[in-house]
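Student: Mind having a look at this structure? Questions to follow.
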Amino acid sequence: MASATDNRYGQKESSDQNFDYMFKILIIGNSSVGKTSFLFRYADDSFTPAFVSTVGIDFKVKTIYRNDKRIKLQIWDTAGQERYRTITTAYYRGAMGFILMYDITNEESFAAVQDWSTQIKTYSWDNAQVLLVGNKCDMEDERVVASERGRQLSEHLGFEYFEASAKDNINVKQTFERLVDIICEKMSESLDAADPAVTGAKQGPQLTEQPAAPHQDCAC
Amino acid sequence: MTDAVMGTKGVHVQSGPCLGAELTDEEKEIINNVIARAEKMEAMEQERIGRLVNRLDNMKKTVCGDGVSRCLLCGEQLGGAGDRAVVCEDCKKNMCTKCGVQTNTRPRSVWLCKICSEQREVWKRSGAWFFKGLPKQFLPSPMPISKPKERSPHQTPAAPPVTMQTQAPVTAPEPAVNPPIAPKPPVAPKPAHLQTQSFSEDGDPASPQNTPVMMKKTVNVHAARPVSSSTAAGLESDRGVYPPLSSGSADREELKSVSPRVAQHQNAPSVDDDDEANSYDSDEATTLGSLEFTLLYDQGNSSLHCNIIKAKGLKPMDSNGLADPYVKLHLLPGASKSTKLRTKTLRNTRNPTWNETLVYHGLTDEDMQRKTLRLSVCDEDKFGHNEFIGETRVALKKLKINQKKNFNICLERVVQTKRSSTAGGARGITLYEDETGKDGSELEERGRILISLMYSTQLGRLIVGVVRCVHLAAMDANGYSDPFVKICLKPDMGKKAKNKTQIKKKTLNPEFNEEFSYEIKHAELAKKTLDISVWDYDIGKCNDYIGGCQLGITAKGERLKHWYECLKNKDKKIERWHTLLNENHVSSD
Chain A
1 MASATDNRYG QKESSDQNFD YMFKILIIGN SSVGKTSFLF RYADDSFTPA FVSTVGIDFK
61 VKTIYRNDKR IKLQIWDTAG QERYRTITTA YYRGAMGFIL MYDITNEESF AAVQDWSTQI
121 KTYSWDNAQV LLVGNKCDME DERVVASERG RQLSEHLGFE YFEASAKDNI NVKQTFERLV
181 DIICEKMSES LDAADPAVTG AKQGPQLTEQ PAAPHQDCAC
Chain B
1 MTDAVMGTKG VHVQSGPCLG AELTDEEKEI INNVIARAEK MEAMEQERIG RLVNRLDNMK
61 KTVCGDGVSR CLLCGEQLGG AGDRAVVCED CKKNMCTKCG VQTNTRPRSV WLCKICSEQR
121 EVWKRSGAWF FKGLPKQFLP SPMPISKPKE RSPHQTPAAP PVTMQTQAPV TAPEPAVNPP
181 IAPKPPVAPK PAHLQTQSFS EDGDPASPQN TPVMMKKTVN VHAARPVSSS TAAGLESDRG
241 VYPPLSSGSA DREELKSVSP RVAQHQNAPS VDDDDEANSY DSDEATTLGS LEFTLLYDQG
301 NSSLHCNIIK AKGLKPMDSN GLADPYVKLH LLPGASKSTK LRTKTLRNTR NPTWNETLVY
361 HGLTDEDMQR KTLRLSVCDE DKFGHNEFIG ETRVALKKLK INQKKNFNIC LERVVQTKRS
421 STAGGARGIT LYEDETGKDG SELEERGRIL ISLMYSTQLG RLIVGVVRCV HLAAMDANGY
481 SDPFVKICLK PDMGKKAKNK TQIKKKTLNP EFNEEFSYEI KHAELAKKTL DISVWDYDIG
541 KCNDYIGGCQ LGITAKGERL KHWYECLKNK DKKIERWHTL LNENHVSSD
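As you go down the protein sequences, you meet chains A and B in turn.
So in full-length UniProt numbering, spot 92 of the first sequence is number 92, and the numbers just go up one at a time.
So in full-length UniProt numbering, spot 472 of the second sequence is number 472, and the numbers just go up one at a time.
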């Protein structure tokens, strides 16, 4: 699929209101698999070898031009450490898409993918889309997780699969663009499947194949 | 390069599982800055969505036809003589081809009227297609206690006066009376009379406001002073003869006489609830007295310590011109009996000093976010019903974790009727009178239970500890319950899967401290679910179901986390509080 050049980099406090859609994406995975570097490579096209552990939560904004639409991405970066778990899971339900990341040179991070997948099912909306990404594919000599194992696990979990390298800028843009495409497809499907008539601005189509969200807001 | 990366990885030591680890202030500051950035972005997004919705509403107002024989939008005649009619896929109305839009969806191309086409666009652009409605505020407050710091310009925790002053303008629905403006305080009770409607706490979804809806507050500085008979008579006389002039005169007089107290209150402005118009004389409202206390939320022990220090200038309730005061505490929402704590009664005084600490156990961070503490001062009479003097409320979200906070608040009068708390919405009914019988809890929460789990590899058993319950719903006419707990490991293993605790008579906060064990392999444990239910024992008839919950792989939130930790950490006892709900009524005992 031909991809247009990225329209522009988003600013942190972007006052840009000139976009069609806004998607929120969350990057999760074990600590030190490269989530922050992955985000910086995509948003700022920069890479820092030094490891600095993320404190809790952070986000970056990037506006892209895809399928004749301007799409603003708010990409949340989460801390993988256990002590921040309560904080990071609170942001799951605002996310439309997830990038579930592991490190191909770290067996433990791959073993944790199943747990992270359960976390997504627990705290996010059921129609959120997930991509499984094996990072650091440039370090072939230290690889301990074969590509085939990653692919099999992603098929088992129902996710799409990429191997990428934030350091060498391999498959970084492709990962995000694929996630955006999947979300766009879901968006179109959700309105095409709306057989009942739309009766008002605040009411909308009810998707029969999608169950109700697990964590509804309680009217306090 | 490779060595550097490897070295870096070696240097990084991942901290072990310490879920209760306290975050440093620096870390909280970093996270709060991110939240502030996100909230700012969210505000702009809500503004954009609001414009989309407004445009759609304007389009709907410009329809001319009826959508049957005339075009829905431009009103032109349809049929043989006029334009060809097409039917909108969504609203099924007729329209002309000029006012319709043909979309090329995959199965077939369909016609949409411009309004429905715009409606679909709004749903795409606002994200409503994903969230099944116009998106609300999804940004949580992960560290609610630090939230005042987010608004404070200082990096260090602000002093209570600064915090109170900075908070009030943000949360007040209308311009608050500022404490420094001295002439205003005596007039403060009057706006309460003018408030005939309570402010809606549900914001407009298209509104750019994103801050969480907090309790509506008005900052009042009441002159808590004894009213001598001569002064009261004078005030009444003045009001009767020349209302406008006497108002100004009264302001000046009160200002002079209460200047020391005003200065004192300026240090700690009072925060009161004005959820109802005060139907009593303003003179009475200003003489209910003040209450001084401190609150401390101990997160490690999930407990709230309330130190009731003293009260001043209480209203005289007895014929001897004094009172026999005591303080009652309640947590709202919740059953009033189960969350009631009480100080001792002090005799024949209007300025009592209790210096008593009352403790609530089993309060989670979630409770601290949505619960309100109500402090009521009452007068005890030996031969009659206890009489209400005044009360005040504190939203617990204002407290900082593990940090003591002082309060010195004027008491308010509240109508003594059974009513819902505005802070808690419809989640709980607060019964004011102690003498009222059975409490009626709303659906959902029925109390809380402390459970410990440990898998013993040596024994090959799962050990379940039922430690205690708090805030149970009252099932008996005397306002209490006789609770016991049943636990069952499912799928069923026969009789050995079910266990019961002893019955604790006449209490809503029972302590069981009992352990049960299940012989099971660790590999099989992941497929099991622990079903916990709390019952009220009734002699001679069926036991009443109070509430329950499940721990297992299919559970949610805290319960799933607890089960996970038990599976991952063998031979380690893990205790967690869990909310009891009344949806789990499977079968009677």
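C-beta: ideal position from N, C-alpha, C; glycine also.
What first and last residue would you give for the beta strand (DSSP E) that runs through Phe-59/A?
Tutor: In the first sequence, the residue the question calls residue 59/A occupies position 59. Start and end: 57–66.
Student: Under a three-way DSSP split, which group does Thr-579/B fall into?
Tutor: For the purposes of this step, residue 579/B is taken as the residue at position 579 of the second sequence. In the three-state scheme derived from DSSP, where H, G and I count as helix and E and B as strand, Thr-579/B is classed as strand.
Student: Beta-carbon of Leu-73/A versus every beta-carbon of chain B: anything under 9 Å?
Tutor: Position 73 of the first sequence, counting from 1, holds the residue named residue 73/A. Not an interface residue.
Student: Would you call the stretch 361–377 of chain B and the stretch 531–540 of chain B touching, i.e. three or more CB-CB distances under 8 Å?
Tutor: no
Student: With 9 Å set as the bound, which would you pick, yes or no: does the beta-carbon of Asp-44/A sit closer than that to a beta-carbon of chain B?
Tutor: Mapped onto the first sequence, residue 44/A falls at position 44. It does not: the Cβ of Asp-44/A has no partner Cβ on chain B nearer than 9 Å.
Student: Please list, in chain order, the residues of the stretch 28–62 of chain A that have any C-beta partner in chain B closer than 9 Å.
Tutor: Asn-30, Ser-31, Ser-32, Pro-49, Ala-50, Phe-51, Ser-53, Val-55, Gly-56, Ile-57, Asp-58, Phe-59 and Val-61
Student: Can you list the beta strand (DSSP E) stretches of 3 or more residues lying completely in the UniProt domain "C2" (445–578) of chain B, in chain order?
Tutor: 445–456, 461–470, 483–490, 498–500, 511–519, 529–536 and 544–552
Student: What is the DSSP secondary structure of Lys-28/B, counted as helix, strand or coil?
Tutor: In the second sequence, residue 28/B corresponds to position 28, counting from 1. Correct three-state label for Lys-28/B: helix.
Student: May I ask which residues mark the beginning and end of the alpha helix (DSSP H) holding Trp-129/B?
Tutor: Start at 1 with the first residue of the second sequence, and residue 129/B comes out as number 129. Note, Trp-129/B: alpha helix (DSSP H), 128–131.
Student: Which word fits His-156/A, buried or exposed, when buried means at least 16 other C-beta atoms lie within 10 angstroms of its C-beta?
Tutor: Working through the first sequence from its first residue, we reach residue 156/A at position 156. When all chains shown are included, His-156/A counts as exposed.
Student: Could you tell me which residues DSSP pairs with Ala-395/B in its beta bridges?
Tutor: Your numbering for residue 395/B matches position 395 in the second sequence. By DSSP's assignment, Ala-395/B forms a beta bridge with Thr-372/B.
Student: Less than 8 Å between C-beta atoms, sequence neighbours within five positions excluded: which residues of the same chain meet that for Gln-152/A?
Tutor: Indexing the first sequence from 1 puts residue 152/A at position 152. Excluding sequence neighbours, Gln-152/A sits near nothing in its chain.
Student: Answer with buried or exposed for Leu-459/B, where buried requires no fewer than 16 other C-beta atoms within 10 angstroms of its C-beta.
Tutor: Within the second sequence, numbered from 1, the residue matching residue 459/B stands at position 459. With fewer than 16 other Cβ atoms within 10 Å, it is exposed.
Student: Tell me the rounded alpha-carbon separation between Ala-192/B and Thr-392/B.
Tutor: Position 192 of the second sequence, counting from 1, holds the residue named residue 192/B. Position 392 of the second sequence, counting from 1, holds the residue named residue 392/B. Residue placement at Ala-192/B cannot be trusted, given a pLDDT of 31 that sits under 50; the coordinates are not used to answer.
Student: Kindly list, in the order they appear in chain B, the residues whose Cβ is closer than 7 Å to that of Tyr-21/A.
Tutor: For the purposes of this step, residue 21/A is taken as residue 21 along the first sequence, with counting starting at 1. Near Tyr-21/A (Cβ distances below 7 Å), the residues of chain B are Lys-124 and Arg-125.
Student: Express the C-alpha separation of Asp-57/B and Cys-99/B in angstroms, rounding to a whole number.
Tutor: Counting from 1 along the second sequence, the entry for residue 99/B is found at position 99. Counting from 1 along the second sequence, the entry for residue 57/B is found at position 57. If I take the Cα positions, the gap works out to 17 Å.
Student: Ends of the beta strand (DSSP E) at Trp-125/A?
Tutor: Here residue 125/A refers to the residue found at position 125 when the first sequence is read from its first residue. Unbroken run through Trp-125/A: none, as it is neither H nor E.
Student: The alpha helix (DSSP H) with Phe-40/A in it runs from where to where?
Tutor: For this step, residue 40/A is matched to residue 40 along the first sequence. Under the DSSP assignment, Phe-40/A falls in the alpha helix (DSSP H) whose first and last residues are 35–44.
Student: Starting from Ile-409/B, trace the beta strand (DSSP E) both ways and give me its first and last residue.
Tutor: Translated into positions along the second sequence, residue 409/B becomes position 409. Its beta strand (DSSP E) spans residues 405–410.
Student: Any beta carbon from chain A within less than 9 Å of Thr-579/B's own beta carbon?
Tutor: Indexing the second sequence from 1 puts residue 579/B at position 579. No, because no Cβ of chain A sits closer than 9 Å to the Cβ of Thr-579/B.
Student: By how many angstroms is the C-alpha of Cys-113/B removed from the C-alpha of Leu-73/B?
Tutor: Residue numbering aside, residue 73/B sits at position 73 when the second sequence is read from its first letter. Residue numbering aside, residue 113/B sits at position 113 when the second sequence is read from its first letter. Using only the alpha carbons, I get a separation of about 8 Å.
Student: Tell me whether the beta-carbon of Trp-563/B lies closer than 9 Å to the beta-carbon of Leu-530/B.
Tutor: For the purposes of this step, residue 563/B is taken as the residue at position 563 of the second sequence. For the purposes of this step, residue 530/B is taken as the residue at position 530 of the second sequence. Closer than 9 Å, so yes.
Student: List the residues that DSSP assigns as beta-bridge partners of Pro-325/B.
Tutor: Position 325 of the second sequence, counted from the start, is the residue given in the question as residue 325/B. In DSSP, Pro-325/B forms a bridge with Asp-379/B.
Student: Could you say which of Gly-321/B, Ala-311/B and Tyr-360/B lies nearest to Asn-351/B if we only look at CA atoms?
Tutor: The sequence position of residue 351/B within the second sequence is 351, counting from 1. It is Ala-311/B whose Cα lies nearest to the Cα of Asn-351/B.
Student: Ser-124/A: which of Ala-95/A, Phe-47/A and Met-139/A sits nearest, CA to CA?
Tutor: Along the first sequence, read from residue 1 onward, the residue named residue 124/A stands at position 124. Measuring from the Cα of Ser-124/A, the nearest candidate turns out to be Ala-95/A.
Student: With DSSP as the reference, label Arg-48/B as helix, strand or coil.
Tutor: Locating residue 48/B in the second sequence gives position 48, counting from the first residue. Residue state, collapsed to three classes: helix.
Student: Measuring only between beta-carbons, confirm whether Ile-532/B sits less than 9 Å from chain A.
Tutor: The residue you call residue 532/B lines up with position 532 of the second sequence. Not one chain A Cβ lies under 9 Å of Ile-532/B.
Student: By Cβ distance below 8 Å, which residues in the same chain neighbour Ile-87/A in space, the five residues on each side in sequence not counted?
Tutor: Here residue 87/A is taken as the residue at index 87 of the first sequence, counted from 1. Closer than 8 Å at the Cβ level, and outside the excluded window around Ile-87/A, lie Gly-56, Ile-57 and Ala-79.
Student: Which word fits Thr-114/A, buried or exposed, when buried means at least 16 other C-beta atoms lie within 10 angstroms of its C-beta?
Tutor: As a first step, residue 114/A must be located in the first sequence, where it is residue number 114. In the sequence under discussion, the amino acid at residue 114/A is Gln, which differs from the Thr named in the question. Flag for Gln-114/A reads exposed.
Student: Expressed to the nearest angstrom, what Euclidean distance is found between the alpha-carbon atoms of Leu-288/B and Arg-370/B?
Tutor: Along the second sequence, read from residue 1 onward, the residue named residue 288/B stands at position 288. Along the second sequence, read from residue 1 onward, the residue named residue 370/B stands at position 370. Rounded to the nearest angstrom, the two C-alpha atoms are 28 Å apart.
Student: What does the Cβ neighbour count give for residue 593/B, buried or exposed, with the cut at 16 atoms within 10 Å?
Tutor: There is simply no residue 593/B to check, as chain B begins at 1 and stops at 589 in what is shown.
Student: Give a yes or no on whether the C-beta atoms belonging to Val-144/A and Ala-164/A are separated by under 9 Å.
Tutor: Residue mapping note: residue 144/A aligns to position 144 of the first sequence, counting from 1. Residue mapping note: residue 164/A aligns to position 164 of the first sequence, counting from 1. Against a cut-off of 9 Å, the Cβ pair of Ala-164/A and Val-144/A comes out as no contact.
Student: Between the alpha carbons of residue 638/B and Arg-374/B, how many angstroms are there, rounded?
Tutor: Because residue 638/B is not part of the residues shown, which for chain B are 1 to 589, the question remains open.
Student: Apart from the five residues on each side of it in sequence, which residues of its chain come closer than 7 Å, Cβ to Cβ, to Lys-573/B?
Tutor: Looking up residue 573/B in the second sequence gives position 573. Result list for Lys-573/B: Ser-452 and Met-454, in chain order.
Student: For Gly-150/A and Val-359/B, what's the separation of their Cα atoms in angstroms?
Tutor: By one-based count along the first sequence, residue 150/A stands at place 150. By one-based count along the second sequence, residue 359/B stands at place 359. Each residue's alpha carbon lies about 52 Å from the other.
Student: Applying a beta-carbon distance threshold of less than 9 Å, which residues of chain B neighbour Met-101/A?
Tutor: In the first sequence, residue 101/A corresponds to position 101, counting from 1. Near Met-101/A there are no residues of chain B at all, since even the closest Cβ is about 16 Å away, more than 9 Å.
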